[in-house]
Every structure is written in C-alpha cells, then in structure tokens.
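Below is one structure, written out as structure tokens, with a few remarks after it.
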Amino acid sequence: MTDDRLADLVAPLRAAPDRAAVLLDVDGTLAPITRHAGSAEVPPPTRGLLTEVAARFGMVACVSGRRAVDARRIVGIGSLHYVGNHGTEILRRGAREIETTPAVAAWEPRVREIARTLLASRPDLDRLGISCEDKGPIQALHWRGAPDEAAAEAVVDELGERAEAEGLVLHRGRMVLELRPPVAFDKGAAVRWLVAGGGYDAALYAGDDRTDLDAFAGLRRLVDEGGLAAAICVAVRDGDAPAEVSAAADLTVDGSPGIRSVLQELLRP
Ligand SMILES: O=P(O)(O)OC[C@H]1O[C@H](O[C@H]2O[C@H](CO)[C@@H](O)[C@H](O)[C@H]2O)[C@H](O)[C@@H](O)[C@@H]1O
Numbered sequence: 464m465t466d467d468r469l470a471d472l473v474a475p476l477r478a479a480p481d482r483a484a485v486l487l488d489v490d491g492t493l494a495p496i497t498r499h500a501g502s503a504e505v506p507p508p509t510r511g512l513l514t515e516v517a518a519r520f521g522m523v524a525c526v527s528g529r530r531a532v533d534a535r536r537i538v539g540i541g542s543l544h545y546v547g548n549h550g551t552e553i554l555r556r557g558a559r560e561i562e563t564t565p566a567v568a569a570w571e572p573r574v575r576e577i578a579r580t581l582l583a584s585r586p587d588l589d590r591l592g593i594s595c596e597d598k599g600p601i602q603a604l605h606w607r608g609a610p611d612e613a614a615a616e617a618v619v620d621e622l623g624e625r626a627e628a629e630g631l632v633l634h635r636g637r638m639v640l641e642l643r644p645p646v647a648f649d650k651g652a653a654v655r656w657l658v659a660g661g662g663y664d665a666a667l668y669a670g671d672d673r674t675d676l677d678a679f680a681g682l683r684r685l686v687d688e689g690g691l692a693a694a695i696c697v698a699v700r701d702g703d704a705p706a707e708v709s710a711a712a713d714l715t716v717d718g719s720p721g722i723r724s725v726l727q728e729l730l731r732p
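Heads up: take any position in the sequence shown, counting from 1, add 463, and you land on this note's numbering.
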C-alpha cells in the first residue's frame with residue numbers, strides 16, 4: 464500500500480467531511496488483540512486521532528461484537544455512536560440508554576441458561592484455559608493463550624455442538640466461538656441502518672474479522688442501490704486475522720500503526 468493509494472481512497476470522504484461516515488470495528492482494529500478479552504484497550508495515540516476525526520466528520524461510529532457499553536468503555540470517547548453485539552444494540556452519542564433488538568434481547572435468559580448448563584458440565588474449563596464472556600443474548604467462549612490452544616478449541620467445539628442441539632446458532636471469530644440466538648443479524652444490516660437516509664456521500668469501514676465482511680458488503684450494497692456514492696473498505700491485518708478480510712478489502716493496513724495512518728489521512732488539511 465502506498466501513501467498515494469490511501470490518499471486516493473479517502474479523498475471522497477475528505478472532499479465533504481460533513482457528508483461522510485467513518486465506521487470502525489473495535490477489537491483488532493482500534494484496540495490491539497490481547498490474550499484476555501478484559502484487557503483490550505485503544506492506545507492513547509489512536510484515541511487522540513479518533514477524537515479529532517469525530518469532531519470533523521458527519522458521523523463516526525464503532526461497530527463491535529462487544530456489548531455497546533463495553534465498546535464505549537474500551538474506546539473511551541463519549542462523542543461517538545456505539546453499535547454493539549454485532550448490530551443488535553446501539554448506544555447513541557452521549558446516550559445513557561441502550562436500544563436493543565427485541566427479538567434478540569428476548570433470548571437472553573435462554574441463551575444464558577444453556578451456557579450455564581454447558582459450562583457446569585465441564586469443571587476443567589479453567590485448567591484448559593477456556594473462559595466465557597457474558598454478552599447477554601450472546602455467550603462467547605474464548606481460548607486465546609490456552610496452554611494447549613488446539614485441545615481447548617476441541618472442547619469449545621464440543622460445547623458448541625451441544626448448544627446447537629439446544630437450538631442456538633454458532634459463530635466463529637478470532638479464537639472465540641459465540642453461542643447466539645437463532646435470529647438473523649449482522650454488522651451489514653447495522654451499517655446500512657446507520658448510513659442509509661442520513662445524507663452521506665461516502666463511508667469508510669475498517670475491520671479485521673469475518674463479521675466485518677458483512678459490513679463491507681452492507682456498504683457496497685448501498686453504493687449499488689444509489690444510497691452512497693463511495694464505500695471504502697479497509698482491512699486491518701495482524702497476527703491471526705483471517706486472510707479473507709484483506710482479500711475483500713479495498714486496502715489493507717497493518718495493525719495499530721496502520722489504522723492510525725488511515726485516521727491521519729482523513730485529518731490531513
Ligand atoms: O467486532 P469486534 O469489536 O472486533 O469484536 C469481536 C470480538 O472481540 C473480542 O474478542 C477478540 O478480542 C479479544 C481481545 O483482544 C481476544 O482476546 C479474542 O481472542 C478475540 O476474539 C470480544 O471479546 C468478543 O466478544 C467480540 O465478539
């Protein structure tokens with residue numbers, strides 16, 4: 464990737480910043496991947512640039528697989544919109560109340576109960592290095608950094624099969640398996656909902672994982688339908704990021720320095 468290529472791609476956003484939307488994934492994009500989900504944070508230099516981008520562009524939103532409140536805590540900027548749980552929650556700029564998708568929220572007790580039963584059946588999870596992140600209607604089983612990651616993944620897969628037998632749907636991310644309700648949702652629908660009808664000419668989305676492919680597709684569909692003049696899809700590559708994200712992107716950047724270079728280019732006078 465050359466500086467010229469980055470400059471050309473973001474030119475439609477810089478041409479009319481008030482009519483441009485900047486949409487960013489959190490983990491693996493703004494916040495580098497960490498061993499424990501609870502220790503992720505956005506580096507202060509990235510946060511500083513993002514604050515400036517939020518002041519200049521029509522809309523800046525974080526679109527995350529985290530709960531919306533967790534995404535806001537990790538990013539640490541109140542003046543952005545936060546879409547959480549892969550598009551099923553929104554915490555609008557400065558808001559206290561989270562808006563949730565009712566059909567997904569209704570599953571929370573059942574998904575929690577299934578997860579609780581599954582976890583109780585394996586008292587060796589701690590020893591195996593498997594942890595469960597409780598995201599309400601989505602329960603995420605993590606194994607990054609387990610003493611034997613392959614063995615831990617096999618146990619997670621077995622738990623996933625049992626969750627499927629109970630009617631849940633599985634979704635695999637970067638060393639995480641999510642147990643989800645059988646309700647259709649994805650980041651693509653979320654970005655369309657954020658951008659469509661908002662008077663935006665151009666939108667940029669940056670992400671690192673498979674769920675971000677839906678967001679790429681959602682923006683591109685808006686272009687095909689005439690709802691946007693330009694969509695720019697950026698892959699953030701590091702460690703175990705899936706190659707198909709880079710393959711589908713207009714541009715690939717490397718890790719935290721890479722996403723900062725995109726934010727810097729958006730801010731160039
Ligand atoms: O859509 P995102 O904002 O990228 O969220 C995707 C998942 O991110 C988190 O898990 C990932 O990051 C962890 C911290 O770096 C890492 O330990 C884990 O291996 C990664 O899968 C988060 O914990 C999940 O809930 C999100 O769905």
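By construction, the Cβ of each residue, glycine as well, lies at the ideal position given by its N, Cα and C atoms. What you are looking at is a predicted structure, and each value in this text was computed from that prediction instead of being measured.
| query | result |
| --- | --- |
| V686 and T492 closer than 9 Å at C-beta | no |
| Buried/exposed call for E552, threshold 16 Cβ in 10 Å | buried |
| Separation of P732 from G592, as counted between CA atoms | 48 Å |
| Proximity test, S502 beta-carbon vs ligand 1 heavy atom, cut-off 8 Å | yes |
| DSSP state of D717 mapped onto helix, strand, coil | strand |
| Anticipated Cβ contact below 8 Å, A500 with H605, distance rounded | 6 Å |
| Cβ shell of E504 (< 7 Å), same chain only, five flanking positions each side left out | A494, I537 |
| Pair within 9 Å by beta-carbon distance, E554 and A603 | Per the sequence shown, residue 554 should be read as Leu rather than Glu. It is not a contact, given that the beta carbons lie outside the stated cut-off. |
| Where A483 falls: helix, strand or coil (DSSP) | strand |
| Coil, strand or helix - E627 by DSSP | helix |
| Best match in E576, A659, P586, E560 for proximity to L691 [C-alpha to C-alpha] | A659 |
| Spatial neighbours of T564 in its chain, beta-carbon cut-off 6 Å, leaving aside the 5 residues before and after | T551 |
| Beta-carbon proximity of L486 to V523, cut-off 9 Å | yes |
| R559 CB to nearest heavy atom of ligand 1 below 8 Å | no |
| Nearest-angstrom Cα separation, counted from A613 out to F520 | 44 Å |
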